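Numbering (the working numbering), first residue to last: 28 to 292.
Built from N, CA and C at the ideal position, the CB exists for glycine as well.
Here the structure is a predicted model, which is why all the values come from computation and not from measurement.
Following: one structure in structure tokens, then a few remarks.
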């Protein structure tokens, strides 16, 4: 158990640095790491994907608060958009998490691989959709939040790779979009984690120290270490060429996706 906790702490430290350095995290980093560790920690193969996704979302509850506070201090959070999109986020993410616990592991793995490929291509090209319309009304924004939440729950992310392009497309300044996305990560994480907890509740063959499909040891290690190392990543981002590093990381994500696809084949 102690060795497992040390491994999770190392994972969290890496996640924190990458999140501060490149502005990425969540499913794109945590889920592949947990999928590599869980089989050696006694997690049944049929539950590895769901447990990795649920734990990833639960860890974002802690990291999103620190990130949102930092953006709020800089006036970069649009709380009006946050209030309008959150109802859809809560419904979509909770429903998505609950549905994911009953989906075949193969489907979730294929969905995650496709998502990694799409994100790596977007990061490598550094593409942002041009602003071509205004933010929709309350119903339209909540509906968009439902879609963002549903997809986020299937891949264990805080939604930044979806909500930032959406807000940019609707004419929101990129700094405001990033800051608001950081705040949106919290309701996504809470609702998604709750969906995975409820969906996995009472499964008799889950390993010890799990709450539904949330691995508590992994959550403790990742949340604690990433909270400490994220500021280091932020400092490094001002000293290193982040655009080039993002492209390198995009290639790494593509490699991870292809490796997962090869393992499935």
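Could you tell me if the beta carbon of residue i falls within a distance shorter than 7 Å of some heavy atom in the ligand SAM?
| i | result |
| --- | --- |
| residue 65 | Of ligands this structure carries none, so the ligand SAM is not represented either. |
Taking 8 Å as the threshold (C-beta atoms), are residue j and residue i in contact?
| i | j | result |
| --- | --- | --- |
| residue 229 | residue 240 | no |
| residue 218 | residue 120 | yes |
| residue 115 | residue 173 | yes |
| residue 170 | residue 191 | no |
| residue 80 | residue 260 | no |
| residue 214 | residue 113 | yes |
| residue 135 | residue 76 | yes |
| residue 62 | residue 183 | no |
| residue 140 | residue 284 | yes |
| residue 86 | residue 246 | yes |
| residue 103 | residue 206 | yes |
| residue 234 | residue 70 | yes |
| residue 204 | residue 91 | no |
Is residue i helix, strand or coil by DSSP?
| i | result |
| --- | --- |
| residue 241 | strand |
| residue 10 | No answer is possible for residue 10: the residues shown for the chain start at 28 and end at 292. |
| residue 199 | coil |
| residue 231 | coil |
| residue 292 | coil |
| residue 308 | Nothing about residue 308 can be read from this structure; the chain reaches only from 28 to 292. |
| residue 184 | coil |
| residue 74 | helix |
| residue 267 | coil |
| residue 236 | coil |
| residue 219 | helix |
| residue 69 | coil |
| residue 90 | helix |
Given that a residue counts as buried once 16 or more other Cβ atoms are within 10 Å of its Cβ, and exposed if not, what is residue i?
| i | result |
| --- | --- |
| residue 67 | exposed |
| residue 111 | buried |
| residue 280 | buried |
| residue 237 | buried |
Cα separation between residue i and residue j?
| i | j | result |
| --- | --- | --- |
| residue 197 | residue 150 | 20 Å |
| residue 274 | residue 147 | 8 Å |
| residue 56 | residue 40 | 11 Å |
| residue 163 | residue 108 | 10 Å |
| residue 98 | residue 292 | 43 Å |
| residue 200 | residue 72 | 43 Å |
| residue 34 | residue 117 | 31 Å |
| residue 154 | residue 282 | 20 Å |
| residue 180 | residue 268 | 31 Å |
| residue 257 | residue 287 | 27 Å |
Would you grab the beta carbon distance between residue i and residue j for me? Rounded to a whole angstrom, and I think it's under 8 Å.
| i | j | result |
| --- | --- | --- |
| residue 31 | residue 244 | 6 Å |
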